[in-house]
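Note that the protein sequences, when read in sequence, are chains A and B. The first sequence: position 78 = 78 (full-length UniProt numbering), numbered continuously. The second sequence: position 48 = 48 (full-length UniProt numbering), numbered continuously. Don't be surprised by glycine CBs; every beta carbon is placed ideally from N, CA and C. All of these numbers come straight from a predicted model, not from anything done at the bench. Here the structure is laid out as structure tokens; the discussion comes afterwards.
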Amino acid sequence: MTRALFNRDTAISVGFFLLLGLAWEYGVRWSGVQAYLLPPPSAILAELWRSRGPILAQSLVTMTEVFWGFIIAVVLGVPIAALIYFSRTAKRTVYPLFVALQSIPKIGLAPLIVVWFGYGLTSKLIMAFLFAFFPIIISTLGGLASTPAHLEEHFRALRATPLQTFWRLRLPAALPSFLDGCKVAMPLAVIGAVVGEFVGSKDGLGNLILTASGSGHTTLTFAALFAVTVLSLLLFYGVAYWERFIWWRAA
Amino acid sequence: MSAEISITGVGKAFDGRKVLEGVTADIHAAEFVSVLGPSGCGKSTLLRLIAGLIPFEEGAILVNGEVVTAPSAAMGFVFQTSNLLPWLNVRDNLLLGINLDAGAQRLDEAALAELVETLGLTGFEASYPHQLSGGMRHRVAIGQALARNPQILLMDEPFGALDALTRDRLNMELLRLWQRDRKTVVLVTHSISEAVLLSDRVLVMSERPGTIIEDVRIDLPRPRDPSVTREDPAFGDYVVRLSKLMGVA
Chain A
1 MTRALFNRDT AISVGFFLLL GLAWEYGVRW SGVQAYLLPP PSAILAELWR SRGPILAQSL
61 VTMTEVFWGF IIAVVLGVPI AALIYFSRTA KRTVYPLFVA LQSIPKIGLA PLIVVWFGYG
121 LTSKLIMAFL FAFFPIIIST LGGLASTPAH LEEHFRALRA TPLQTFWRLR LPAALPSFLD
181 GCKVAMPLAV IGAVVGEFVG SKDGLGNLIL TASGSGHTTL TFAALFAVTV LSLLLFYGVA
241 YWERFIWWRA A
Chain B
1 MSAEISITGV GKAFDGRKVL EGVTADIHAA EFVSVLGPSG CGKSTLLRLI AGLIPFEEGA
61 ILVNGEVVTA PSAAMGFVFQ TSNLLPWLNV RDNLLLGINL DAGAQRLDEA ALAELVETLG
121 LTGFEASYPH QLSGGMRHRV AIGQALARNP QILLMDEPFG ALDALTRDRL NMELLRLWQR
181 DRKTVVLVTH SISEAVLLSD RVLVMSERPG TIIEDVRIDL PRPRDPSVTR EDPAFGDYVV
241 RLSKLMGVA
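What follows is the structure in structure tokens.
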């Protein structure tokens with residue numbers, strides 16, 4: 001079945017956001033709110049176009065930070081979740097440790113991390129990682145634990161080894177939950193990177209927001225915020241794309 | 001003739017509550033034996049003990065003269081839920097048991113095609129479980145157990161969740177398969193007519209703690225066919241007798 005590009009539902013969505021934009025535009029104009037307090041969308045769009053060069057460049061910086069932070073969170077998070085799942089010792093040591101670490105406000109950690117790792121990529125990457133790490137551990141753990149008991153028994157009846165049961169049953173069974181975790185973690189990684197940039201950086205969208213608002217350039221602040229939102233959405237849908245490869249989540 | 005499955009004085013308790021007590025039975029090679037009992041009588045537990053899936057405290061179970069301690073390749077288990085892996089297609093689900101067991105005999109393409117044909121799944125090899133009907137999923141589950149060519153087939157209410165019509169059809173196919181291959185089958189069921197239709201013997205179990213209260217030989221002519229066999233007056237007599245034993249008539 002082919003799907004029409006503009007069916008009723010998309011028309012409703014597009015109409016809604018168009019209406020919202022118009023309300024903002026004319027609300028600002030008619031109420032006489034100054035542009036340095038709240039610029040109208042038309043001014044923000046114009047600014048986006050005018051500053052497209054720097055905005056794209058800074059977006060790329062932030063995206064790199066987010067990407068690597070997220071990847072490291074997955075690469076470390078999944079094995080650690082598996083360790084916690086399989087080892088009673090890890091469940092009583094590593095798991096409470098990460099829960100405790102998660103309870104530390106990470107925004108409060110940002111200045112320390114900048115002091116330790118400098119103003120460059122590393123500190124932002126670590127911030128993105130810190131924000132993304134926990135949801136990935138929790139969702140992987142939840143996925144592993146949600147392996148249906150009747151399938152585990154079935155694998156025992158088929159005389160599968162523990163390793164086979166892990167690779168062929170528990171891991172695929174955990175994938176839907178893991179992917180949900182990734183969908184939560186990705187936007188969090190963006191927040192982490194931007195927070196890192198706020199606290200200490202030479203570039204990135206967070207840096208752009210900070211310098212633009214510091215110099216009273218509200219329109220550019222909004223344009224940069226818009227770019228962060230778009231970046232976050234793109235990365236989110238980049239993760240959600242993989243859902244089509246785990247079609248069994250509903251089955 | 002020595003028994004292929006020999007169960008002697010078996011007892012099992014979960015959390016101090018007796019589920020099975022003093023279960024004793026012999027099942028011979030190529031026999032089709034049903035275990036019939038009210039729900040909660042421990043008949044599914046008994047089947048899991050035979051399969052080596054759960055340990056037990058009292059008595060002994062011997063399969064081919066050896067004490068059962070763990071699942072063995074000689075036995076295939078068909079579960080109540082069809083237990084397919086949702087991320088594998090029909091073909092890979094059928095081959096799962098073989099692929100998991102390095103020692104298992106491989107199934108060549110011709111043998112696989114024959115199995116698929118026997119199960120009435122031709123054309124569905126590449127389909128995934130969520131694309132199949134409930135009846136087809138159960139056929140795949142049975143096929144998965146058959147693919148390893150076990151000597152004994154243990155079936156735990158394999159058609160319990162299906163509608164009567166589908167259940168009848170699958171029972172007929174099961175009969176046909178059994179009449180062809182003559183494997184030993186132990187079928188757990190709570191359907192009296194299903195037990196009579198399929199079995200050489202029906203072991204009737206009591207309420208919990210379950211024990212075998214009667215061993216009824218079903219002397220109906222084979223090959224059997226649901227529509228013909230059910231018309232046999234002897235069929236009705238067996239059903240009445242078993243119903244009385246079960247306390248439902």
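Nearest to A:F67 by alpha-carbon distance, out of A:R244, A:Y241, A:A128, is A:A128.
DSSP assignment within the segment 8-87 of chain B yields the following whole beta strand (DSSP E) runs of 3 residues or more, N-terminal first: 17-27, 32-36, 58-63, 75-78. DSSP places B:D200 outside both helix and strand once states are collapsed to three, so it counts as coil. The C-beta of B:K12 has 16 or more other C-beta atoms within 10 Å across all chains shown, which makes the residue buried. When Cβ-Cβ separations below 7 Å define contact, B:N83 makes contact with chain A. The three-state reading of DSSP puts B:E231 in coil, since its state is none of H, G, I, E or B. A:R88 sits in a helix when the DSSP states are folded into three classes. By the Cβ neighbour-count rule, A:E65 is buried, with 16 or more other Cβ atoms within 10 Å of its own.
For B:G210, the pairing in a beta bridge is given by DSSP as B:L20.
Excluding five sequence positions before and after B:I142, the CB atoms of its chain that fall closer than 6 Å to its own CB belong to V78, given in chain order.
A buried status is given to A:A189, since no fewer than 16 other beta-carbon atoms sit within 10 Å of its beta-carbon. Three or more Cβ pairs drawn from the segment 34-51 of chain A and the segment 217-230 of chain A lie within less than 8 Å of each other, which places the two stretches in contact.
As the crow flies, the alpha-carbon of A:L22 is around 23 Å from that of A:R52. Here the alpha carbons of B:G22 and B:V116 stand approximately 41 Å from one another. Between A:P105 and A:T218, the gap from beta carbon to beta carbon reaches 7 Å or more.
Per DSSP, reduced to three states, the secondary structure at B:D101 is coil, with no helix or strand assignment. Exclusion of the five residues before and after B:G236 leaves no residue of its chain whose Cβ lies closer than 7 Å to its Cβ. Burial is judged here by how many other beta carbons sit within 10 angstroms of a residue's own beta carbon; B:S39 has fewer than 16 and is exposed. Here A:W24 has P40, P41 as same chain residues with Cβ atoms under 7 Å from its own Cβ, once five neighbours each way along the sequence are excluded.
Rounded to whole angstroms, the Cβ separation of B:L197 and B:M155 is 14 Å, and the two are not in contact under 8 Å.
Residue-level contact check: B:F77 touches chain A, since one or more beta carbons of chain A fall below 7 Å from its beta carbon. Under the 7 Å criterion on CB atoms, A:P40 is classed as non-interfacial with respect to chain B.
In the structure shown, B:V185 falls within a strand segment according to DSSP collapsed to helix, strand and coil. Pairing A:A57 with A:V194, the inter-Cα distance amounts to about 15 Å.
At a C-beta separation below 8 Å, A:R92 has no neighbours in chain B, since its nearest C-beta there lies roughly 25 Å away. Nearest neighbour of B:S243 by Cα position, chosen from B:W87, B:S44, B:S193, turns out to be B:S193.
For B:P223, same chain residues with a beta-carbon under 6 Å away, outside a window of 5 residues either side, are Q179 in chain order. Looking at B:H138, B:R48, B:L146, the one whose alpha-carbon comes closest to that of B:F159 is B:H138. Pairwise C-beta distances place the segment 69-76 of chain A in contact with the segment 116-131 of chain A, as three or more of them are shorter than 8 Å. Along the segment 4-37 of chain A, there is no position whose C-beta sits under 9 Å from a C-beta of chain B.
DSSP places A:L19 within a helical segment (H, G or I) once states are collapsed to three. At a C-beta separation below 7 Å, A:R156 has these neighbours in chain B: L53, P71. Cβ-Cβ separation between A:S59 and A:A240: approximately 20 Å, too far for a contact (criterion under 8 Å). Interface annotation, B:D237: not in contact with chain A, CB-CB separation never under 7 Å. Contact with chain A is absent for B:D92, since none of that chain's Cβ atoms lies less than 7 Å from the residue's Cβ.
The criterion of a C-beta distance shorter than 7 Å is satisfied by B:A195 and B:V202.
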